[in-house]
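Residue numbers (the numbering used here), protein chains in the order written: chain X, 126 to 381; chain G, 1104 to 1747; chain U, 104 to 390. Every residue gets a Cβ at the ideal spot worked out from N, C-alpha and C, and that includes glycine. Note that the structure is a prediction, hence the values are computed from the model and not measured.
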Amino acid sequence: MSAARSSGVVDPTSTPVAVGEPLLEVSNLAAGYGDIRAVWDLSLTVEAGRITVLLGRNGAGKTTTLLALAGMLPIQGGSVQLLGRDIAGMSAQQRVRAGIALVPEGKRVFHRLSVYDNLMVGGVTVHSRTARKKGIEEALDRFPLLAQYRNKRAGEMSGGQQQILAIAQALVVRPKVLLLDEPSAGLAPKIMDDVIAVVQALAAAGTGVLLVEQVIDIAVPIADRVTLIEGGREIYSTATPGEDTAAVVTQHMSHS
Amino acid sequence: MSASKQTSAVAVAEGNVPSGPVDADGKSPFGEPIAAFLARRSWLFPAALFVVICFAPWLGLTPTTLRVIQLGAIFTMVVSGVNLTWGYAGELTLGQIFIYALGAYIGGYFATHGITDLFVGLAASAAAGVLVGLIVGLPGLRVSGLSFAMVSFFLILLIPDIASILPGITGGFTGIFGINDITVFGTQISGNAYIVILVVIAGMWLLIVRNLVTSEYGRGFDVLRASPVLAESLGISVYRQKLKAYVIGSIPAAMAGFMFAHLDAFVSPSDFVFATAVSIIAASVIGGNRSIYGAVIGAVLLQIGPLVTSSFQSWDLTIYGVLVLVGALVTTGGIAGLATRSGWRLMRRLGYADTIKAARIPRPADDRVPASPPEGASTLVAQAPDPSDQTEGFVEIRGVSKSFGGNNALDDVSMSLTRGAVTALIGANGSGKTTLLNILSGFYQPNAGEIIVDGTKLAGRSTSARYKLGIGRTFQTPQVVSEMAVMDAVALGAWSRDPVGIARSVLRTPGSRRALARHRASARRAMSRLGIEDRAWEEAAAMPLGTRRLIEVARALIETPRMLLLDEPASGLSVGERQALGELLARLKGSSMAVLLVEHNVEFVMSVADYACVLDQGRVIAQGTPQEVMRDPAVVASFTGRVR
Amino acid sequence: MTTIWAGLSVGGIYAIAALGYNLVFVAAGVFNFAQAQMVMVGTFMAYVGAVKIHMPLVLVPLFAAAVGFALGFVCERVAIAPVAGRGGHAVLVTTLGVAILLDGVMSQIFGANPLSVPFYGSNQITTFLGGRAAPSDFTLMVLPIVIATVIYLFNTRTLTGRAALASAEDRFAARLRGVNTARLAWLSAAAGGALAGLCGVVVAQTTYAVSDLGDLLAIKAFLVLALGGFGSEVGAVIGGFLVGLIEAESTRYLNASYSDLILFGFLLVVLLLRPSGVFVRHRVRRV
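So this is what it looks like as structure tokens:
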């Protein structure tokens, strides 16, 4: 997998942000489906060029958190700020424009569209045709595999290729913050490594990454911050993850 | 799919809203017992109304009012049939008027050909209704939803065509005149007697509907509406259940048509025009399509309109259009739903809501274990473990592959399950565990390979047939139907393997009552094993996730399956609940079932499983005892943590 | 040959109605029952424009399309958007309500009798390949092919079209990428209305303006879609012509009363054998 190009991610139209500058600040988030609340009180920060990892068991509220941040579920409490701007009231579309993009769980690409058309849909919020085209070409440059199959139907690609396409789709708008929901799920170890390398490269290029992962030994080593949640509440958090972090998390995830 | 989304306002009124302040001073001392008495016998209200309407001809009513009663009774039957199909079975039927017209032409043809006997006529029209129901429903219900609605809509168009094709029978566009009065045991029936007979027929039909939808059979409708997937996995064939509802719903339409032919002694195609067809739909929407008595309300209201205003005729379509649109937009469950909700609100204000709720719970005597266990009823879960009973290769999975598009979800998976043992299926998210479960329970067809359970090949068997063969399962997201008590949600598992047919359900035979008691007794046993017995009469969908999981496990266990598939049963459980589940699984060792446990929690797997099988990328990478498997380097690399 | 031309021109009407349903179905994921009624309203608008207020003939289609656009928009806002996501046939019932309402209002305003609408071109019956047909018949044969091509090109060549295809397949993922599915929904309903209005002008040459046209078209369009498969433009065109031909041939050899009965039997057989449509090979269903 090719390394990321540092020029590829930072939106040239916005003021460049320094590594470590907070991009997304979530405090006391509460969210859920209708009257069922899945996230009760969660605070976390995503910084430019850094990877924040959100861990927890099945049903702990990880996906709910991501969906609420992406505008797919209502935020029921707390505040969410992107570069100091409150985004809680924005629609999903406005949030994509503001620079926050979610790659959902499960390789959700559009099977009937070609790779290139999938990327077009990824850039649907980009008004300028040239900017959109540029974003698509950048995404294709980043993933030579996709460039090779640009006219192939997404449904005919393998699972790993679809996952990479799903990430590439989200990158067309050059998001400031990328939310990833279990990108390694169901991928072969080799492909998993590629995907993780992509995530690291994106961070290296200045994107803030919020990563939800199941496989602790993949996620913790690349994390700059780790938050562990249970029952929709934060139970452990560290800005200096190390050996002990993996131990704490493993302990929690495998015991009751 | 989520059942909780479908929680209707009724459930909210009954379950989730806290009772208002009880004004003890305003209540008479007899209020509570009377409320409890009436709540147990809520059928007294429609029964009393029915008796009054039977005497309508002698109450000195105007001819117009009597006309409303007669047409109201006729259309109650038609609309009630629509409600059974639409409100209960979930398939919108727009062309019920065709079957109604068929009944009317049968009435006209019979009477002008010397057959006037009521019972012969009703039987013939019912048979014709069933026939049309089958002809239209068999293909039409293959694809549910829009398709059936449009196929049934087509029927409206065919009425004038058929009338003109068969002028000898239908009288063509002029219709059939001079229809003789019906006879009952040779006696001519006209005037007041006709009205009484009509009202009695409509009343009896409503009684049938009531008995059907409140029976265990009727609960199957709630299941298939809330989740077809759950219905199939509980042995209820969605297609057949819908077909039965449509065919049964056709009977009253045909009978109503037959009675209509004798109302004015005249039948013509102008009685069955588009506006009439639409008025039936409007009546269903306005009255409330998921209600037994909503049909009466809708039918009567829609008959009043044309009779009170002479200018109605020219505006009829406009008015029906507004009623259908506004009715569907504004009301949930039509006027009947509205009345139920206001009723509960009133009872809460009066302080009787809790009394009524409590009174409606069946007494423990109703579900006590029957004295002698009936033949075929299982007692297996209660049996003591017998380790010698383990049979290897009880379930054989051979070379199963499945791909979606370009993705190989399962690649040549072979494994075998031992009877009386718990086999854990583990693997990362997306490794193919749930796909394998879905293939075992018949939701997916594998591209290659075969599955043999106790010598029986599963290929080609539907999900519901597999349940009857003894394959039970739970779901990752618990599938619990709203507006159903925990007791009944668990008892659902018993119904399709010890079924009570429609006729017995409607007639409430002693056998059907015993079956209900039997199912509830098994449900109670299963619940007590999982420690959820004390919640038996609370609303299942309102339970916390952990309890809903245990409800599913109890439901799957109730009629001792041969193969039990558990999809992550421990996730979301509290420590105590997890312990209860672990103990239950330990007790299942040595039973006659093979348990396949899909689980993420390694600790839990290590403590309860006898064997483990690890999937990675849709391939089996290790099999053996949990201890062996966990030491396997490939497993260590793929699941517990990757060596980097 | 005359029967074949007649069948193809009637089939063209059905194909046009089916394409309208398809347009909304693909972009918004709903079956807007009232779509066919908008063709019916279009025929009346042609009558109003051409006969009542003597509009310049060029403006008549534009007028009908504008009315259709407004109707489609209102219908989406009033009957579709409020019940979006509510299961149990909610959209089908509310749009059926709108359809019945339009039937009622139009018959109240214009009466129940068909009103003839003059055609722009000549009414001269011409002989073509041994069959006789009016110029409007040939228009009806060509128009669905043109519309299907335009819709196809729009969906595969424009950004909005691709967004529509994407959200037809996976609304959730499309919204995540920033597709405004709510806007897509009213836009497609309004475009469907405009298309219906426009075509109503052409259809009126053959059917005249009559208020019960909509119900008939709804049924026939559904039949076409059941044959051709929901969402398929090619299927809608071929299905439309096929239904028209069956109807014309059965009318010729039997009697007009038999044609619907035969089509109904045909529909039942199709549903029994190929529930997902004759021209659709198979459908990917994601669970």
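With 16 other Cβ atoms within 10 Å as the buried cut-off, status of residue i
i: residue 145(U); result: buried
i: residue 316(X); result: buried
i: residue 1161(G); result: exposed
i: residue 376(X); result: exposed
i: residue 1600(G); result: buried
i: residue 1164(G); result: exposed
i: residue 1562(G); result: exposed
i: residue 1522(G); result: buried
Inter-residue spacing [alpha-carbon to alpha-carbon] between residue i and residue j
i: residue 1708(G); j: residue 295(X); result: 37 Å
i: residue 1204(G); j: residue 1571(G); result: 40 Å
i: residue 298(U); j: residue 203(U); result: 20 Å
i: residue 1141(G); j: residue 275(U); result: 49 Å
i: residue 1461(G); j: residue 1584(G); result: 21 Å
i: residue 1339(G); j: residue 1325(G); result: 11 Å
i: residue 249(U); j: residue 154(U); result: 27 Å
i: residue 1540(G); j: residue 201(U); result: 44 Å
i: residue 1144(G); j: residue 1319(G); result: 19 Å
i: residue 1076(G); j: residue 375(U); result: There is no way to answer for residue 1076(G), as the model of chain G reaches only from 1104 to 1747.
i: residue 148(U); j: residue 313(U); result: 11 Å
i: residue 1686(G); j: residue 1250(G); result: 48 Å
i: residue 1209(G); j: residue 1401(G); result: 26 Å
i: residue 367(X); j: residue 267(X); result: 30 Å
i: residue 1702(G); j: residue 1393(G); result: 39 Å
i: residue 1676(G); j: residue 1630(G); result: 16 Å
i: residue 377(U); j: residue 1253(G); result: 16 Å
i: residue 1359(G); j: residue 1221(G); result: 12 Å
i: residue 1310(G); j: residue 1149(G); result: 10 Å
i: residue 1308(G); j: residue 1186(G); result: 13 Å
Residue from the options whose Cα sits closest to the Cα of residue i
i: residue 1397(G); options: 1297(G), 1257(G), 1436(G); result: 1436(G)
i: residue 189(U); options: 1684(G), 1304(G), 1328(G), 1425(G); result: 1328(G)
i: residue 1383(G); options: 1681(G), 1712(G), 1671(G), 1182(G); result: 1182(G)
i: residue 322(X); options: 164(X), 170(X), 176(X), 168(X); result: 176(X)
i: residue 1610(G); options: 1305(G), 1193(G), 1252(G), 1316(G); result: 1316(G)
i: residue 237(X); options: 330(U), 272(U), 289(U), 359(U); result: 272(U)
i: residue 158(X); options: 205(X), 215(X), 186(X); result: 186(X)
i: residue 141(U); options: 183(U), 292(U), 264(U), 371(U); result: 292(U)
i: residue 1373(G); options: 1260(G), 1310(G), 1353(G), 1575(G); result: 1260(G)
i: residue 1353(G); options: 1579(G), 1566(G), 1196(G); result: 1196(G)
i: residue 1738(G); options: 1717(G), 1728(G), 1722(G), 1730(G); result: 1717(G)
i: residue 1229(G); options: 1671(G), 1255(G), 1357(G); result: 1357(G)
8 Å CB neighbourhood of residue i in its chain, flanking five on each side removed
i: residue 1379(G); result: 1200
i: residue 349(U); result: 110, 362, 365, 366, 369
i: residue 251(X); result: 257, 260, 297, 298
i: residue 1272(G); result: 1208, 1212
i: residue 1216(G); result: none
Nonlocal neighbours in the same chain, by C-beta distance under 6 Å from residue i, ignoring five residues either side
i: residue 363(X); result: 351, 370
i: residue 1681(G); result: 1673
Neighbourhood of residue i by C-beta, 7 Å cutoff - its chain only, sequence neighbours within 5 removed
i: residue 1525(G); result: 1688, 1691, 1692, 1698, 1700, 1711, 1712, 1713
i: residue 1293(G); result: 1284
i: residue 1331(G); result: 1341
Segment contact flag, the region 286-300 of chain U with the region 1724-1736 of chain G, C-beta cutoff 8 Å, min 3 pairs = Contact check between the region 286-300 of chain U and the region 1724-1736 of chain G: fewer than three CB pairs, one atom from each, fall below 8 Å, which does not count as touching.
Contact between the region 1253-1265 of chain G and the region 1351-1368 of chain G (3+ Cβ pairs under 8 Å) = Three or more Cβ pairs closer than 8 Å define a contact, and the region 1253-1265 of chain G falls short of that threshold against the region 1351-1368 of chain G.
key: Any 3 or more C-beta pairs closer than 8 Å across the region 220-232 of chain X and the region 188-196 of chain X   = These segments touch.
query = If you pair each beta-carbon of the region 346-360 of chain U with each one of the region 175-183 of chain U, do three or more pairs fall below 8 Å?
reply = The region 346-360 of chain U, when compared against the region 175-183 of chain U, does not touch it at the 8 Å Cβ threshold.
ask   = Does the region 325-332 of chain U come within contact of the region 164-172 of chain U, defined as at least 3 CB pairs closer than 8 Å?
value = Fewer than three Cβ pairs drawn from the region 325-332 of chain U and the region 164-172 of chain U lie within less than 8 Å of each other, which leaves the two stretches out of contact.
inquiry  = Taking 8 Å as the cut-off, does the region 352-362 of chain X touch the region 201-208 of chain X (at least 3 CB pairs, one atom from each stretch)?
reply    = With contact defined as three or more Cβ pairs closer than 8 Å, the region 201-208 of chain X and the region 352-362 of chain X are not in contact.
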